[in-house]
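Each remark here refers to the structure printed beneath this line.
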Amino acid sequence: MIKSLSIEYCVPCQYEKDARNLATIIQEQFGLDAAAIELIPSKKIGTFEICADGKLIYSKTKSGKMPAPEEIINCIFLQSKG
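Counting from 0, one number per residue, gives the positions in the sequence shown under numbering that gives the first Met the number 0.
Quick look at the structure:
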């Protein structure tokens, strides 16, 4: 599956809790070591960008909405097959 995950989140929007919750879910689902998950605080308003193995798999900026954990899990599965 994936070896690393990064979540860039908007600090002014208070998305840190969402980023941490999603990171925990993905860590449990894919057995990732905590060190393989990077949370990146951002001052860019509305930012919630998720990369798996360095590849952007979800962008709130592009989609206009926060992702459900199931969406991200599906994106990771699709990327790993791709």
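Glycine residues also receive a C-beta, built at the ideal position from the N, C-alpha and C atoms.
Within its own chain, the residues whose Cβ lies closer than 7 Å to the Cβ of Gln-28, once the five positions on either side in sequence are excluded, are Ile-72, listed in chain order. Leu-38 carries a strand assignment under DSSP once its states are collapsed to helix, strand and coil. Under DSSP, Ile-56 takes part in no beta bridge, so it has no partner. Separation of Ile-44 and Lys-64 (C-alpha to C-alpha, rounded to the nearest whole angstrom) is 13 Å. For Leu-4, the uninterrupted beta strand (DSSP E) run begins and ends at 4-9, by DSSP.
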